[in-house]
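Residue numbers (the numbering used here): 640 to 725.
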């Protein structure tokens with residue numbers, strides 16, 4: 640499990656989304672009590688939010704998905720500066 644700074648999250652996501660392979664990515668707070676689960680299955684991006692809000696979103700383009708993840712990260716990880724990435 641790697642740790643990244645919250646400021647590096649957007650750059651990290653862009654690098655991960657560039658690959659056209661299927662992937663699952665779990666971003667957790669430092670205390671590991673809240674997370675965002677991002678998965679890509681060659682057709683769409685699915686984002687599961689588990690924390691203050693519990694919901695599931697689906698996007699067709701990577702740009703929309705990155706914007707949504709950043710918006711959710713600002714809500715879910717408001718006071719976390721370090722994030723765990725699985």
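No residue lacks a Cβ here, since even glycine has one placed at the ideal position from N, Cα and C.
* Excluding the five sequence neighbours on either side, which residues of its own chain have a C-beta within less than 6 angstroms of the C-beta of residue 656, listed in chain order? -> Taking the chain shown and counting its residues from 1, one reaches residue 656 at position 17. The residues are 701.
* For the beta strand (DSSP E) containing residue 743, list its first residue and its last residue. => Nothing in the structure corresponds to residue 743, since the chain is present only between 640 and 725.
* Going by beta carbon distance, what residues of the same chain come within less than 7 angstroms of residue 719, once the five residues before and after it are set aside? -> As a position in the chain shown, residue 719 is number 80, starting the count at 1. Excluding sequence neighbours, residue 719 sits near 645, 668 and 669.
* Please list, in chain order, all residues of the same chain as residue 708 whose beta carbon is under 7 angstroms from its beta carbon, the five residues on each side excluded. => Here the question's residue 708 lines up with position 69 in the chain shown. Correct list, in chain order: 652, 675, 677 and 686.
* Label residue 715 either buried or exposed according to how many other C-beta atoms from any shown protein chain fall within 10 Å of its C-beta, with 16 as the threshold for buried. => The sequence position of residue 715 within the chain shown is 76, counting from 1. By the 10 Å Cβ count, residue 715 comes out buried.
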